[in-house]
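Under this note's numbering, think of the first position of the sequence shown as 21, with each following residue one higher.
As structure tokens, the structure follows; a few thoughts come after it.
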Amino acid sequence: MRKGFTLLELLIVVIVIGILATIAIPQFLNAVEKARVAKAKSALGLISHAEKMYRAERDTYVAAADGAVDSVLGNYVELKQIDLDQDWDYNVTISGTDNYTATATKNSSSSHGGQSVIYNQDGNCTGNHTLRGPDCGGS
21 MRKGFTLLEL
31 LIVVIVIGIL
41 ATIAIPQFLN
51 AVEKARVAKA
61 KSALGLISHA
71 EKMYRAERDT
81 YVAAADGAVD
91 SVLGNYVELK
101 QIDLDQDWDY
111 NVTISGTDNY
121 TATATKNSSS
131 SHGGQSVIYN
141 QDGNCTGNHT
151 LRGPDCGGS
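Printed below as a string of structure tokens:
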């Protein structure tokens with residue numbers, strides 16, 4: 021009696037593993053991207069809180085460019101990790117003294133590069149990122 025696997029058995033195992041990988045890998049990558057979007061939404065929420073504190077103190081909102089969010093709003097909420105984020109670029113623009121828009125734009129090095137998630141002073145969430153979620157006008 022011979023011990024071991026036949027070539028046919030090994031091929032069947034390789035094919036089954038290939039089929040499972042074909043199904044599992046896209047689902048895994050989708051879950052990773054959803055987690056990154058959740059991180060961006062959380063960061064935008066922190067920026068929103070900092071903007072509200074800034075406005076309560078100075079009666080206006082303040083703009084902040086990517087990499088400078090903590091230096092502009094860091095006295096109100098800890099935002100250093102936002103400036104260090106490698107997945108997203110964060111910017112805050114203002115319109116007059118009563119309106120701001122905080123935008124997280126996905127870095128172009130990923131499959132969702134250039135897509136964004138946007139918060140405004142009313143807490144409304146919009147954007148064009150395909151995975152931004154139902155609480156943000158997406159799916």
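For every residue, glycine included, the Cβ atom is placed at its ideal position computed from N, Cα and C.
Note that the coordinates shown come from a computational prediction; the quantities given were computed from them, not determined experimentally.
Residues in the same chain with beta-carbon distance under 7 Å from residue i, minus the five sequence neighbours each way, listed in chain order, please.
i   : result
A85 : N111
V52 : none
For residue i, does the count of other Cβ atoms within 10 angstroms reach 16, so buried, or fall short, so exposed?
i    : result
V34  : exposed
V36  : exposed
Q135 : buried
K100 : exposed
T123 : buried
A55  : exposed
I67  : buried
E77  : exposed
K126 : buried
K23  : exposed
L49  : exposed
A44  : exposed
A41  : exposed
L31  : exposed
Among the options, which one has its Cα closest to the Cα of residue i?
i    : options                  : result
L64  : V97, T117 and G24        : V97
T121 : S130, Q106 and Y139      : Y139
Q141 : W108, Y81, G147 and S62  : Y81
G15  : L30, K72 and F48         : Outside the shown range of the chain (21 to 159) lies residue 15, about which nothing can therefore be said.
R75  : S130, T117, E29 and K59  : T117
G94  : A70, I114, A41 and A83   : A70
S128 : V92, Q106, I114 and T113 : Q106
N148 : K23, V57, L30 and E29    : V57
W108 : V92, N119 and K61        : K61
K59  : A83, F25 and L104        : L104
For residue i, which residues of its own chain have a beta-carbon under 8 Å away from its beta-carbon, when the five flanking residues on both sides are left out?
i    : result
I102 : A63, L66, I67, V89, D90 and Y110
G133 : K126 and N127
In the DSSP output, what is residue i paired with across the bridge?
i    : result
T125 : D109 and S136
G147 : V137
**Item:** Contained beta strand (DSSP E) runs [length at least 3] in the region 30–117, N- to C-terminal order
**Value:** Within the region 30–117, the runs of beta strand (DSSP E) at least 3 residues long that lie entirely inside it are, in chain order, 108–115.
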